[in-house]
Structures are given as C-alpha cells and as structure tokens.
Amino acid sequence: MLTGLQPAVVLVNALDLIGTFVFAISGAALGVQRRMDLFGVLVLAFVTAVSGGILRDVLIGALPPASVASWHNLALALVAGLLVFQFHPLLGRLRHPVQFFDAAGLGVFAVAGTQKALAHGINWPMAAVLGMISGIGGGMARDVLTAEVPTVLVANIYALAALAGAMAVVAGYQFGWPPTPAALAGVALCVFLRLMALYRGWKLPVAGPKGG
Amino acid sequence: MLTGLQPAVVLVNALDLIGTFVFAISGAALGVQRRMDLFGVLVLAFVTAVSGGILRDVLIGALPPASVASWHNLALALVAGLLVFQFHPLLGRLRHPVQFFDAAGLGVFAVAGTQKALAHGINWPMAAVLGMISGIGGGMARDVLTAEVPTVLVANIYALAALAGAMAVVAGYQFGWPPTPAALAGVALCVFLRLMALYRGWKLPVAGPKGG
Amino acid sequence: MLTGLQPAVVLVNALDLIGTFVFAISGAALGVQRRMDLFGVLVLAFVTAVSGGILRDVLIGALPPASVASWHNLALALVAGLLVFQFHPLLGRLRHPVQFFDAAGLGVFAVAGTQKALAHGINWPMAAVLGMISGIGGGMARDVLTAEVPTVLVANIYALAALAGAMAVVAGYQFGWPPTPAALAGVALCVFLRLMALYRGWKLPVAGPKGG
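Rendered as structure tokens:
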C-alpha cells in the first residue's frame, strides 16, 4: 500500500535535502561576502539551513528538534559551506539556478513544516503559519545574526509565497485530498509566486504616500 | 464558588485581548513606518503581539505555546495589522491613547505571565522575570527583526515597569493575598510607572560621566 | 565511590559560577558602554550569562531550563551587573584578567553543555555543536540585543575554541575516558586556543582576495 507513495516520498526527501543544501549555500554566501572566516561561514551555513525547522519543532513541542536529534543536516550544511568557501566566485554566475533552488527549498520547507504541525494536532491557521516559519526562519536567523533587516520582511513576496504553499497543504488536509499531490501543489505554488516576484516584479502594496 | 471571580476573569481576559491588540498595532505601525509591504506589516504585528507569551511558554515548558495552540491571537493581530495598514495616518493623532493602552498591555502581560509561571511551579524570582519577559518580549522581537536596539533596553522605565507589576503578583503569592486584587494592583503599578516615565520623565541613573 | 570525584565536581561548579559571573560582567560592560540605564545593564548582564545554557536546554528538551528552574544564576548576574555599574572605570584596567576569565567561562560552558547534551542522548556531532552553543549563545544574544554583528562570528577563534573544548568531551565519551580529565582537558584546550588567538593572533583563513 505504501509502495505507491514511495516515489513521492523519495521526491520529498530529495527536495528536503536540496532545501537544506541551498539554504546552507545562501548563508555561507552571505558569510563570505561579509568576509567572515571559515568557521563563521560554516556557522552561518548551518544556522540558515536548520533554524526554520528548529523553530517549528520548538513551537510544536517536538523536542529535541529533528536537526538536533540527527547529525545529517549538520553534515550537509558543512559540505555546502566548504564548497561556497572554496568556490564562491562561481556563485555570481550561478545566480539564476541558486534563486530557483532557493524558491524550491522555501516551498519544500513550508510544505513539510505544515504537514508536521498538522500531524502534531495544531489548528490549521497556526499550522500554515508554522509552515511559513519553517520556510523563512533560516533566512531570518541569518539576517539577524548579520545585523540586517530580515529580507523576508522586505523582499517581494517571499514569506507570502511560503504561506501560499503552506495553505495548499492546509486546504488538502481540510478537504481530504491525498497528501502527496497537495504537497507537490504547495511547492509548485510557492515556486511560481516567488519566481513571478523575482522576474516579473509581482509585489504587494506598501502603505503611505507613493513618493516615499 | 467561581461565580464571584467571574467579573475579574472577564476583566483580565478583556485586558489580555486589548494587550494583544495594542501590541499588534505597535508592531504594524513600525512596519508601515519602515515602508514594509502589507505582508511584512502583518508579520510584524503578529510577532510583536505574541512573542513575549511564546517565549514565556517555551521557557516554562508549556508546549505548544498558547498562541500556537489556538488561532485567536493570530486573528486578532491580523485585524490590528490591517487596520493600521489602512488607517495609519490616524496613529499620529492617537499617540496618547496608544501609549496608555501599550502601558496597560505591558502590565497585563507581565501579570498574566507571572501567574502562569508560578502555576507551573517556577521559583518566585524567575517567575517575576518570566512575567517581565512576557511583557517586553514582543517589543524586543519587533526591534530585533527590524534591526533596532530594543527600546526596552534604552527606554525610560519600560521593562522595569513590567517587572514591578510582576513583583506585585509574586508578593501576593508569597503573602497569600487573593489573586485578583494582586493582579489588578500589578497592572495598575505598571501603568503608573510607565506613564510617570512618559509624562514626568522618571528615569533610572546611567553610569559614567554625565557629559556623555 | 563518588567521593573521588568530589574535588573535581566542586571545581567544575566553581568554574561554572565563574563563567556565569564573567559573562554577566561582559554583558553589563557593553550596557554601560552603550549608556543604558541601570536596569538595561542588569538585563544585559543576565541575558549574556544565561542565554547559552537556556538555548541548549530548550534544544535538548530539558524544560524548564536550569537557569529558569533555579534563581541562583539570576542572583549572580545581578551582583555582577551592579558591580560593573558601580565600578566600571576599573574594567579598562582589568582587561587581561577579564579576557582570561571569559576564555575560561567559554570553555567551562562548552564542556558542561556537551556533557549535558550527551547525557540527554544527543548524537555526538550535535552534542559538540550544542556545547559550542552553550559557550557562545550568551555573547550572541548580547550582540543581537544591542544590534551588533555577533562577535562570535567575526572574532578570531572564539566559537572554534568552544567547539574544540566540546570535541574533547565528545572524544572522551567515544573512547571511554573518565569524564573529569576529559572535561578539564576540554576547558584547557578552549582557553589555550582563545588566548593564542588574542595574544598571538592565531586566526582562520578568510575567503576572497586578500586586499579586501
């Protein structure tokens, strides 16, 4: 019975690893840009990759968090950080793929976070919020540690894309859809919105006089 | 037997809702001022309203935190954020009422946080600290997310007012006073100290040469 | 049987108190430097002294954290903060002893944090990370609250010294060494690396063109 799900589970796990890896890259890249030493770069890679999931797990009481109970995400983040430290000049050329994988990681984390929150009995509005937090928490921790205004709060449709992905999972849960298509739809929705914001300039209104 | 307490419980609950609402307004107002988009404003409203209580609940091990286990505070914060986004020019004119409600929210959160910590068996000095954290945590999270020095650390008698309110609850607990008058005294003490700081310039000493 | 350990336990407890005290001093000193009032200084002293241990305890699910379950660390941090507030001009003259005790505190917290994480069944790579977090968390919280880039991410061999101390404990655990010599070796290793960084300029490589 589970055999039918296996390809999808493999897919989600693969995307989860990709998400961890890409977020670690984004943290390490900021560390290199700020001229941190190797160790600071690795710390920032790890923090960016796992903070979202850790915050979610603390808030639903799933302690110790998954990224603490296992060392896999640590290993993956260290590999990503070492690669960035060594080959960072390449990152400029890889901007488009990195942005795509970042959007994919955002969607995967948001979807997986929502599923985990629902599985722990959290009400659906807060489950969607926790899914969003899973997606954006790593970037927020990265920005707070480097004393920047978190980009999730100023970037065009970043947190909102994560929330949209989370809402797809919640809708599927409410209406009894099979979980795998709902999860894939959530990831796709998040990636779509994020890429539209990046390449078509979609954005939300800002309050106040337009002149700024 | 509980009937006698009911008016007081209703009062405390009403004040708790007011506190959540007012703190959400203060977060949303900062978001508008920083020209964040609608979504960033709503996130900041929610974070400001619930971070203090969430931090307290994590630290006493009451997981998931009350603001995660229920969606009511989320809804209230979103309404407050939408109102600020739409009607923010009014906020300048409402400065005095907002400051009063902010002081009231601070006191209510400090008192309720202390009561919850004591009920979870925390020793009284740390229960008072946790009450203070409940009151000031939202403002601290708001300031950290927007890369400001938390005003609770520099404002005249802000955290101290929260601590004073918390200490009133602790004193009542130690000396066996009935909880409701102790709670109301704590809120009143916090509001009084905060308003004295705002309108009479009460403040604590600063170390070092006066010339600065 | 435990009698043989008693001197070592007393030593570790004494070092733990020294670590709390010294970290509180470093937080209070930054508060004075930023011209915070007495209360802000005390808050910063407490936050710096206990945040690392609290973060560790939350992440391993040991709730409420030790610094919440008891009021001893609070009292110690307040005493340290009051002393700094009163006698801060002395701090400049005491720079070398303070740096030494800070390194000792870092090592003690890293070692004790690793031991606690291992005792809670955490895998050894993450136990070492949690030990490091116990050591550096207080300084990170201090810097985030004052809107600085955390020095642990830019200072020469600070977090790395903590991690080295933690790894000594992990090595002892893996190879079945008696815990007390492993702990003392960890503290000594951390102090040695930190002092080499401070007085001999040991540092890690930075990525990118040397010209900066």
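Protein chains in written order, with UniProt numbering: chain A, 1 to 212; chain B, 1 to 212; chain C, 1 to 212.
From the three backbone atoms N, C-alpha and C, an ideal C-beta is built for every residue, glycine too.
- In terms of beta-carbon proximity, V58 of chain A lines the interface with chain C, with at least one pair separated by less than 8 Å.
- The contact set of M132 of chain A on chain C, defined by CB atoms closer than 7 Å, is empty, because the minimum CB distance reaches about 21 Å.
- Within chain B, the residues placing a beta-carbon under 8 Å from that of L44 of chain C are L153, ordered along the chain.
- In the same chain as S67 of chain A, and ignoring 5 residues on each side of it, the C-beta atoms closer than 6 Å to its own belong to V50, G53, I54, N73, in chain order.
- Residue pairing from DSSP places V206 of chain C in a beta bridge opposite A:D37.
- In its chain, beyond the 5 residues on either side, G27, A28, L30, G31, M36, G81, R142, L145, T146 have a beta carbon closer than 8 Å to the beta carbon of L44 of chain B.
- Contact between V108 of chain B and D16 of chain B is confirmed by a C-beta separation of about 6 Å, below the 8 Å threshold.
- Burial of A168 of chain C is indicated by the presence of at least 16 other C-beta atoms within 10 angstroms of its C-beta.
- Contact between L78 of chain C and L38 of chain C does not hold, since the beta-carbon distance rounds to 11 Å and is not under 8 Å.
- When 8 Å is used as the limit between beta carbons, S70 of chain B is near these residues of chain A: N123, M126, in chain order.
- Under a criterion of Cβ atoms nearer than 7 Å, the residues of chain A adjacent to F39 of chain B are, in order, A159, L160, L204.
- The region 137-203 of chain B is shown to contain no whole beta strand (DSSP E) run of 3 or more residues.
- With a beta-carbon spacing of about 6 Å, V58 of chain C and V58 of chain A fall inside the 8 Å limit used to define contacts.
- The CB of P65 of chain A comes closer than 8 Å to the CB of L59 in chain C, given here in chain order.
- In this chain, the alpha helix (DSSP H) harbouring A80 of chain A covers 72-87.
- Annotated three-state conformation of L90 of chain C is helix, per DSSP.
- Nearest in C-alpha terms to P65 of chain A, of all of C:L94, C:W71, C:G121, C:M196, is C:G121.
- Under the three-state reduction of DSSP, I122 of chain C is assigned to coil, being neither helix nor strand.
- Looking at C:A103, C:M140, C:L63, C:P89, the one whose alpha-carbon comes closest to that of L198 of chain C is C:A103.
- Put simply, the CB of V129 of chain A is near chain B, with a gap under 8 Å to one of its CB atoms.
- Neighbours of V144 of chain A across chain B, judged by C-beta separation under 9 Å: V144, L145, A147.
- Taking the Cβ atoms as the reference, W124 of chain C lies roughly 26 Å from N156 of chain C, outside the contact range of under 8 Å.
- Taking a C-beta cut-off of 8 Å against chain B, none of the residues of the region 180-199 of chain C qualify.
- The beta carbon of E148 of chain C lies closer than 7 Å to none in the same chain, with the five residues before and after it left out.
- For A66 of chain A, the enclosing alpha helix (DSSP H) covers residues 66-69.
- In the structure shown, G113 of chain A adopts helical secondary structure according to DSSP, grouped into three states.
- If you ignore the 5 residues before and after Q86 of chain C, its C-beta comes within less than 6 Å of no other C-beta in its own chain.
- Under the three-state reduction of DSSP output, A62 of chain A falls in the coil class, being neither helix nor strand.
- Beyond the five residues adjoining it in sequence on each side, L91 of chain B comes within less than 6 Å, by CB distance, of A29 in the same chain, given in chain order.
- At the C-beta level, V111 of chain B and G131 of chain B come within 8 Å of one another.
- Residue environment: L94 of chain B is assigned as exposed (fewer than 16 neighbouring CB atoms within 10 Å of its CB, all protein chains considered).
- Interface criterion met: the Cβ of M36 of chain C is under 8 Å from a Cβ in chain B.
- In summary, the residues of the region 82-102 of chain C whose CB is separated from some CB of chain B by less than 7 Å are F85, H88, in the order they occur in the chain.
- Here A75 of chain C is exposed, its C-beta having fewer than 16 other C-beta atoms within 10 Å.
- Residue contact check for L74 of chain C against chain B: a CB pair falls below 8 Å.
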